[in-house]
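One structure is given below, encoded as C-alpha cells.
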C-alpha cells in the first residue's frame, strides 16, 4: 500500500505547523493510554471481586460473568478522565502522593489540551518562536501522560497478576495483534495458552 495520502510541507511554516499538530496528536494518544490504564485497573478490581464473591461454576454462570465483564468495561469507558480518577481513588487502590499529584497534573493538562489549548495559543502560531514553544509544551504534556501511565501500570501490576494478566500474557497478546489477529482472536489464543500452562 502506497503512502500517497502523505503530503510534503511546501515551506518551513507548513513544516512547523504540521509538527505542532503531530505533537498534539501524540500527546492526546498518551492521554487516552492513561484513561485506558485507569479503566483496566477499575475493571480488573471489579472482576476480581465478582470472581471471589461469586465464582462461575456452570456454563450459565460463566456466560453471565462474560456479560458482566463486558458491562464493566463499557460503563468505565463512558466516564470522563476526571470521573475515572475519582472512581480509582474510591476503589481501594492506594495511590502514593506522587502518583496522586501526577494524576491531577495529567487531568489538568488533558482538559487544557482538549478544550482550550489551540484557542489559548492562537497568537503563537504567528511566529517560529511561538510554534517552537508550543512544540516544547506539547512534548512536556506527552511526557506527563506517559509518566503517569507507567506509574499507574506499575502500581496495579499485582491486581493484573491476580487476574492472570502477567507481562508475558500482555506481550503475547500484542505480538498476536501485530501479526494481524483480531482482538477477540488474540484474547482467545492467549487464554487457551494460559489454560494449557496452568494444567501441566
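Numbering (the numbering used here), first residue to last: 520 to 719. Here a beta-carbon is modelled for each residue, glycine too, at the ideal position from N, C-alpha and C. Here the structure is a predicted model, which means the values were calculated and not measured.
Proximity winner among the options, relative to residue i (alpha-carbon distances)
i: residue 591; options: 558, 552, 660; result: 558
i: residue 538; options: 601, 658, 552, 570; result: 658
i: residue 623; options: 642, 569, 593, 660; result: 660
i: residue 613; options: 665, 560, 587; result: 560
i: residue 621; options: 648, 665, 535; result: 665
i: residue 644; options: 573, 526, 531, 582; result: 531
i: residue 656; options: 607, 631, 595; result: 631
i: residue 616; options: 600, 671, 708; result: 671
i: residue 554; options: 606, 589, 527, 576; result: 606
i: residue 567; options: 638, 611, 639; result: 611
Cβ neighbour criterion (16 or more within 10 Å) applied to residue i
i: residue 585; result: exposed
i: residue 689; result: exposed
i: residue 562; result: buried
i: residue 529; result: exposed
i: residue 629; result: buried
i: residue 571; result: exposed
i: residue 704; result: exposed
i: residue 641; result: exposed
i: residue 546; result: buried
i: residue 524; result: exposed
i: residue 633; result: exposed
i: residue 693; result: exposed
i: residue 710; result: exposed
i: residue 556; result: buried
i: residue 543; result: buried
i: residue 527; result: exposed
i: residue 720; result: The chain is shown from 520 up to 719; residue 720 falls before or after that span and cannot be answered.
Inter-residue spacing [alpha-carbon to alpha-carbon] between residue i and residue j
i: residue 551; j: residue 603; result: 12 Å
i: residue 687; j: residue 697; result: 15 Å
i: residue 695; j: residue 678; result: 23 Å
i: residue 681; j: residue 564; result: 10 Å
i: residue 699; j: residue 650; result: 38 Å
i: residue 581; j: residue 595; result: 21 Å
i: residue 685; j: residue 712; result: 13 Å
i: residue 662; j: residue 626; result: 13 Å
i: residue 601; j: residue 540; result: 25 Å
i: residue 574; j: residue 669; result: 31 Å
i: residue 619; j: residue 598; result: 19 Å
i: residue 648; j: residue 674; result: 39 Å
i: residue 691; j: residue 577; result: 29 Å
i: residue 579; j: residue 707; result: 19 Å
Residue i - containing alpha helix (DSSP H), residue span
i: residue 528; result: That residue, residue 528, is in no alpha helix (DSSP H); it is neither H nor E in DSSP.
i: residue 606; result: 600 to 609
i: residue 616; result: 616 to 634
i: residue 590; result: 578 to 596
Near the ligand ATP: residue i beta-carbon under 7 Å from a heavy atom
i: residue 668; result: Absence of the ligand ATP from the depicted structure is noted, as is the absence of any ligand whatsoever, leaving it without description.
Cβ of residue i within 8 Å of any chain B Cβ
i: residue 660; result: Given the protein chain composition of this structure (a single chain), no chain B is represented.
In chain order, what are the residue ranges of uninterrupted alpha helix (DSSP H) at least 4 long that sit wholly in the region 654 to 704? Qualifying alpha helix (DSSP H) stretches, in chain order: 676 to 681, 686 to 697.
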